[in-house]
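Numbering (the numbering used here), first residue to last: 28 to 787.
Quick look at the structure:
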């Protein structure tokens, strides 16, 4: 992985970047840090923040027009009176607690610099270069420093500040000495011209590069008001030019590490929904008192863009900023650390891949996309835990092989205008979901074919890019083989996959079709209509995260709920994930439970969803939930027992078998294995653990079968046998006791370590 690949995802992120006030400041003073210290009553520390960015805090706080105040979000967002940053700066700069930093005597560098003009810009340049250990000589034709400021009412305060600043600087002032010709400065290695407004430019103005202050003579720079800049802007510009001069002295190249303050078109304004209103503090004197400084400075909201942090469960959990995540992803990608020592393995595989971060970000910074890149990179490098996604990859493999079915419209239809694609999990949760839906669709459009399979998202979430791309190409071929019909999808994640990787496929939601059919009467089944059990029941509709932006689908689902007599509340899941997305259950089980429980706690009513993944997650975490198809087809409204992993597999097989028998008069007999015939008794506690660890019953049976054949297990004094099976991605351990021909499970667990067995 190249660093640029990771950084491209977060280059427009402004989290941690300068706020509106800082971006507007000509000197880019860290106003947030200044106000934070001032609010704590640390006046000296606040003054040092001024000294770090401003060459002359007393002068600049007095003369600066303070554009920062115009963009203060107390004013622009909340409509309040702006924070008086100017008076706060003046109060701290003129405070007795504003002490000069300690200086250390270091040997001066050999290069010498000359400054022509002792106005504020020239003095700023001289101060900067002297702090970098360059001896500086300042030439001024007037008898003293200050230039146009000598007549200012506050000049005594300005002069006192200059005296303090230059007290320990290696700067020589030559007052009353006018430079008539640049040849007089040949002894100097670099020269800065700051002769003031309408001052002498020695014929170099036409060759000026305002961004660097360079002129037609490489060692001569120019800045300040003589370039047409306003006084404060001229001083700020001079600080940048001084850095270019420093670079020129050191390398011969007049450049410096500049900051791109316009890296994004984002306004940098951020919402402040819970911010309490405040009153502007009116000073009792010329400056604020210490108490007044604290009160006014505490009005600062420390503005920063944290929209993704507020809404993203992952970022809230790990508390790592997007730019830092990009650095860690790039670091892991370039160093090829092992899984255990990589920076960000756990966080990478904990992302729900819901896309919510990009949706709430004004710049659409996609952290999910960054983690998708990281997953793909880790798989290519073979530095990832296969166990995290092994179960779902195996489930997908069965869905696209023995569980797959692609048929045109049945009953002699001349063409196939639609293909019903229920996805790989709808029938596993309840066979009637796809069966009754397909029956209803055929009643609406008899030219509807069937496409059982998987969209491939398990491979995408697992980072198996090659397998995913190959699968998408196979899907494209299958679709074209059917005559390129419109695809009726039931799963929002399937729809997102189609739209992203097969954009040429026309898509329509199952729920839009059902709503249209019920409204125009083309769907007439005994089951549809108002459900007495659902009537007057309140539902919070939980829209799956993948349904973001699918307004027509959301509307159709709510209309369908209304047709059953149910009452839909104003609840909005806001595009958040139930916890299923990204298949994080094994990668970070505690976080998976945390996300699911958080979603459950956000709703007071029964959930109504149109995603079986959401429904199962919520039901597993104690939240009463219905699928919209339960209401439409009057399916069992009581809270059903959770469908086990093995039952899902059998249900999917049943769906394929029933469709082939009903519409094509074909028999379907799934392949069986020798261990399928074993009779295994599973206690409820053991079953729960199997579901949590994603260990299907067929794996348990296979483990027992292998042990019965090989006798490798260990039997204790109670007749309990402990045995194991090394699989492709986990080692499954089973403790059982055999009575007659029934195997009673005592314990099941798994680990992803591979224990090497050396032959002796």
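Glycine included, every Cβ here is placed at the ideal spot set by N, Cα and C.
(Q) Quick test of the definition: if touching needs 3 or more C-beta pairs under 8 Å, does the stretch 686 to 695 touch the stretch 667 to 676? (A) no
Q: Select from 91, 57, 441, 92 the residue whose C-alpha is nearest the C-alpha of residue 76.
A: 57
Q.
Just to check my reading of the structure: residue 97 and residue 323 have Cβ atoms closer than 8 Å, yes? What is that Cβ distance to the nearest angstrom?
A. That belief does not hold up - the Cβ atoms of residue 97 and residue 323 are roughly 17 Å apart, past 8 Å.
**Q.** Straight-line gap, residue 510 to residue 353 (C-alpha atoms, nearest Å)
**A.** 43 Å
**Q.** residue 117 versus residue 211: straight-line alpha-carbon distance, rounded
**A.** 40 Å
Q.
For residue 476, report the span of its alpha helix (DSSP H) as first-last.
A. Looking at the DSSP string, residue 476 is not in any alpha helix (DSSP H); the run it does join, the beta strand (DSSP E), is 475 to 479.
Q. Should residue 590 and residue 545 be called a contact, given that it needs their Cβ atoms to be closer than 9 Å?
A. yes
Q | Residue from 221, 245, 271 with nearest C-alpha to residue 253 | A | 221
(Q) Can you tell me which residues form a DSSP beta bridge with residue 634? (A) 567, 652
Q | Other residues of its chain near residue 340: CB distance less than 6 Å, five sequence neighbours each side excluded | A | 622
Q.
Per DSSP, what are the beta-bridge partners of residue 513 in this structure?
A. 445
Q: Pick out whichever of 232, 456, 768, 726 has its Cα sitting closest to the Cα of residue 756.
A: 726
Q) Can you tell which of 729, 519, 724, 749 has its C-alpha closest to the C-alpha of residue 701? A) 729
(Q) As a quick exercise: from 356, 638, 466, pick the residue whose alpha carbon is nearest that of residue 33. (A) 356
Q: Following the continuous alpha helix (DSSP H) through residue 488, name the residue where it begins and the one where it ends.
A: 484 to 489
**Q.** Residues near residue 642 by beta carbon distance below 8 Å, same chain, minus five either side
**A.** 456, 634, 636, 652, 653, 654
Q.
Give me, in chain order, the residues of the same chain whose beta-carbon lies closer than 7 Å to that of residue 437; leave out the 5 immediate sequence neighbours on both sides.
A. 690, 691
Q) Do residue 61 and residue 141 have their CB atoms nearer than 9 Å? A) no
Q: May I ask which residues mark the beginning and end of the beta strand (DSSP E) holding residue 20?
A: Since the first residue shown for the chain is 28 and the last is 787, residue 20 is missing from the structure and cannot be characterised.
Q. Counting pairs of beta carbons, one from the stretch 432 to 452 and one from the stretch 765 to 778, are three or more of them closer than 8 Å?
A. no
Q: Express the C-alpha separation of residue 250 and residue 282 in angstroms, rounding to a whole number.
A: 15 Å
(Q) Which residues does DSSP list as the beta-bridge partners of residue 771? (A) 708, 764
Q: Quick one: using the 10 Å Cβ neighbour count with 16 as the cut-off for buried, is residue 741 buried or exposed?
A: exposed
(Q) Would residue 663 pass as an interface residue toward chain B - the criterion being a Cβ-Cβ separation below 9 Å? (A) Checking the listed chains, one finds no chain B in this structure; it contains a single protein chain.
Q: State the Cα-Cα distance for the pair residue 360 and residue 179, rounded to the nearest angstrom.
A: 59 Å
Q. On the three-state DSSP scale, how would you describe residue 502?
A. helix
(Q) Measuring only the C-alpha atoms, how far is residue 276 from residue 216? (A) 7 Å
Q.
Which runs of the alpha helix (DSSP H) at least 4 residues long sit entirely within the stretch 526 to 555? Give them in chain order.
A. 537 to 547
Q: Can you say whether residue 743 is buried or exposed, counting buried as having 16 or more other CB atoms within 10 angstroms of its CB?
A: exposed
Q: Might you give, ordered along the chain, the residues of its own chain that have their beta carbon closer than 6 Å to the beta carbon of residue 149, omitting 5 neighbours on each side?
A: 142, 221
**Q.** C-beta atoms of residue 138 and residue 161 nearer than 9 Å
**A.** yes
**Q.** DSSP state of residue 745 mapped onto helix, strand, coil
**A.** coil
Q: With DSSP as the reference, please indicate the residues paired to residue 778 in a beta bridge.
A: 758
Q.
Suppose the cutoff is 6 Å on Cβ atoms and the five residues either side in sequence are ignored; what does the same chain contact list for residue 376 look like?
A. 415, 614
Q) Since residue 143 is in the beta strand (DSSP E), which residue starts that stretch and which ends it? A) 140 to 143
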